[in-house]
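Q: Here it is: the structure, laid out below.
Residue numbers (the numbering used here), protein chains in the order written: chain W, 10 to 533; chain S, 572 to 728.
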């Protein structure tokens, strides 16, 4: 046994090995500048872990939060500058690290989106009352680790990389949900979340292993029709559904949505708002990439020379319709604002899936994945903004119930007005970014001649008016038990005001942003 | 590949499978029953704990610190597992394309890997997870947090 190992050593040619490995190592070295934002995050994570040990506990929320904010904004700036300085050369997108991750404008856009969302969540954490007296080093480092996973997930072009990045997004969030470990609701929801996440991850990697068996490669590009030649149709269908399950879990789409309301209710509110935007967007980015490689309703040549066509686009359309209907109908009967926003985020996953249906845009000037990108841009400000106001209300009054929002309007006029803007945006009414985004999604679906899906989305929008408007009505039209003014902090007011302004800008003056998203393309 | 040869391959698998099942059943329930001496002894019914005499029931609550120690062990075990292949190829990489710069790069990569794990070591060290007998101050902090959350929950309810 050992003899044979040494015998092989004699055949080994150091020269050839050196040349091959040297070129691989050099290509890795040349790729490093393109992942500068990720490297910044890794460095910041290490610093935060150490700082959490040595900075006095009562200062941690502020000082470590400020450090995370600077690191996230710095990484976001790097992502944009590395991305835009290469945009001219992006006619021919490129992959990094031997085809593991893509460096294309789609990935750059989503990276910037995640890092911006992360920065807002860090500010929300500072505004929140829920972390008083807690050691925050672990909190911020886990948050940044999860964001690192988001950045990798949006760029992953290899099945193994997708799975790894997905777990890197999920595992830190299990801990973030249970960060207040004495909180019983948090414990319950974190356990559900962790079990659900592990099962979904296991199911997904089983599907990916089937694809690996069918194609002999882990690269996403190998999922195209030609390399599936000779595949058994049943195996392709099963593997497809198994992988869908993993993505649906991350996107909180029916039927993998059960964790969503419980976790949103149990988690600290900044973590909830993180889950509802960044980790959902990462799931969508990876799903778009996967669906592009997988093909929507294309021919698969099976054994015996015949070919069949699996209409995945129909599957996605049905999931989209069911998801938005379920989310909206369940949100109608919620009393807890966090839980209501949880169901509303399920409904939004349904709307966003319409973009995947219209992904292979045939005639539109905006294609499906571009509509998804734009919707996420406005969803970021609408949803994070709504959560920021919810955090401020919960911190100042302890209220998380829709009933207890009664009479809040006159007590905090500016912030309540901003919450109204966010909610109008979530409904999808003009003049907000929500309307522009939903308009684009509906347009790509109609161009694909999925009229029934557009009608379902329209009906759902009408349903959603009820539960969003209920909050606005409670705040402004009902009388509360108190009329005392609620204290405003300059930071909170300015962050909320900025987000409300962005929601309005995206609704009225959207053409510069549409120009940006029209330049987005991805490797396929 | 012809159909016949494919079926023949399956036959190989089937024979192997049948043999595996029969082998196990035969050994455990037939041959051993015939050959083994039967000596009754109470000790035989007790839980096996690495040869130590067993103490108490196995249904006890375990200290969470076992988990931490196992986790720390796992991390540094994997570290060594990663470093061995790196160390083996490192000598050859020095002369690779790019000359010594490539070698330096490869060395720095491993150094950064070690540095990140070292952060983990500092973390467990500072938190006192390496001391088996823990100071009571850490536990007091946990207790204080719990009280604060419970007090807040009561206010909200």
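Ideal Cβ positions, reconstructed from N, Cα and C, are used throughout, including at glycine.
#1: Helix, strand or coil, according to DSSP, for residue 625/S in the structure here?
#2: Mind pulling the chain W residues with CB within less than 7 angstroms of residue 634/S?
#3: 7 angstroms is my cut-off, CB to CB: does residue 62/W come that close to chain S?
#4: Exposed or buried, which one is residue 277/W when buried takes at least 16 other CB atoms within 10 Å?
#5: Exposed or buried, which one is residue 590/S when buried takes at least 16 other CB atoms within 10 Å?
#6: Thinking C-beta only, is residue 354/W closer than 7 angstroms to residue 285/W?
#7: Consider the Cβ of residue 673/S: report whether some Cβ of chain W lies at a distance smaller than 7 angstroms.
#8: Identify the contact partners of residue 676/S in chain W, using a Cβ-Cβ distance below 7 angstroms as the criterion.
#9: When burial is assigned at 16 or more other CB atoms within 10 Å of the CB, is residue 521/W buried or exposed?
#10: Leaving out five residues before and five after residue 82/W in sequence, what residues of the same chain have Cβ atoms less than 6 angstroms from its Cβ?
#11: By the DSSP assignment, the alpha helix (DSSP H) with residue 171/W in it spans what residues?
#12: Run through chain S and tell me which residues come within less than 7 angstroms of residue 448/W, C-beta to C-beta.
#13: Against chain S, with Cβ distances strictly below 7 angstroms, would residue 69/W count as a contact?
#14: Kindly indicate the opening and closing residues of the alpha helix (DSSP H) around residue 112/W.
#15: Can you list, in chain order, the stretches of the alpha helix (DSSP H) that have 4 or more residues and sit fully within the stretch 339-404 of chain W?
#16: Return yes when the Cβ of residue 53/W is within less than 7 angstroms of the Cβ of residue 80/W, no when it is not.
#17: If you draw a straight line from the C-alpha of residue 585/S to the C-alpha of residue 159/W, how long is it?
#18: Could you give the first and the last residue of the continuous alpha helix (DSSP H) run that contains residue 301/W?
#19: Mapping DSSP to helix, strand and coil, what is residue 281/W?
#20: Using the C-alpha atoms, what's the distance from residue 642/S back to residue 634/S?
#21: Pick out whichever of 271/W, 115/W and 124/W has its Cα sitting closest to the Cα of residue 352/W.
#22: Which of the three DSSP states is assigned to residue 410/W in this structure?
#23: What is the DSSP secondary structure of residue 560/W, counted as helix, strand or coil?
#24: Mind pulling the chain W residues with CB within less than 7 angstroms of residue 659/S?
#25: Say whether chain S places a C-beta atom closer than 7 angstroms to the C-beta of residue 110/W.
#26: Would residue 160/W count as contacting chain S if we go by Cβ distances under 7 angstroms?
#27: Assuming contact is defined by CB atoms lying nearer than 7 angstroms, are residue 534/W and residue 74/W in contact in what I supplied?
#28: Answer with buried or exposed for residue 100/W, where buried requires no fewer than 16 other C-beta atoms within 10 angstroms of its C-beta.
#29: Below 7 angstroms between beta carbons is the criterion; list the residues of the stretch 363-397 of chain W that meet it against any residue of chain S, in chain order.
#30: Measuring alpha carbon to alpha carbon, tell me which of 367/W, 246/W and 77/W ends up nearest residue 458/W.
#31: When Cβ atoms are compared, which residues of the stretch 692-705 of chain S fall closer than 8 angstroms to chain W?
#32: Are the beta-carbon atoms of residue 155/W and residue 400/W separated by less than 7 angstroms?
#33: Going by the beta-carbon positions, is the gap between residue 116/W and residue 163/W smaller than 7 angstroms?
#34: Quick one: list the residues of chain W neighbouring residue 690/S, beta-carbon separation under 8 angstroms, in chain order.
#35: Report yes if the CB atom of residue 151/W is closer than 7 angstroms to the CB atom of residue 184/W, and no otherwise.
#36: Short of 6 angstroms in beta carbon distance, which residues of its chain neighbour residue 653/S, apart from the five on each side in sequence? Order them along the chain.
A: Let's see:
#1: coil
#2: Ordered by position in chain W, no residue passes the 7 angstroms Cβ test against residue 634/S, which lies about 17 angstroms from the chain.
#3: yes
#4: buried
#5: exposed
#6: yes
#7: yes
#8: 34 and 38
#9: exposed
#10: 128
#11: 168-186
#12: The contacting residues do not exist; residue 448/W stays about 40 angstroms from chain S at best.
#13: no
#14: No alpha helix (DSSP H) holds residue 112/W; the beta strand (DSSP E) holding it covers 110-112.
#15: 346-366
#16: yes
#17: 46 angstroms
#18: 289-303
#19: helix
#20: 14 angstroms
#21: 271/W
#22: strand
#23: With chain W covering only 10 through 533, there is no way to say anything about residue 560/W.
#24: Chain W residues near residue 659/S: none, gap ~11 angstroms exceeds 7 angstroms.
#25: no
#26: no
#27: Past the boundaries of the shown model lies residue 534/W; chain W is included only from 10 to 533, so the question cannot be answered.
#28: Note that residue 100/W scores a pLDDT of 45, beneath 50, so its modelled location is shaky; the value from the coordinates is reported in the next line. Residue 100/W is exposed by the Cβ-count criterion.
#29: none
#30: 367/W
#31: 693, 694, 697 and 698
#32: no
#33: yes
#34: 55, 58 and 59
#35: yes
#36: none
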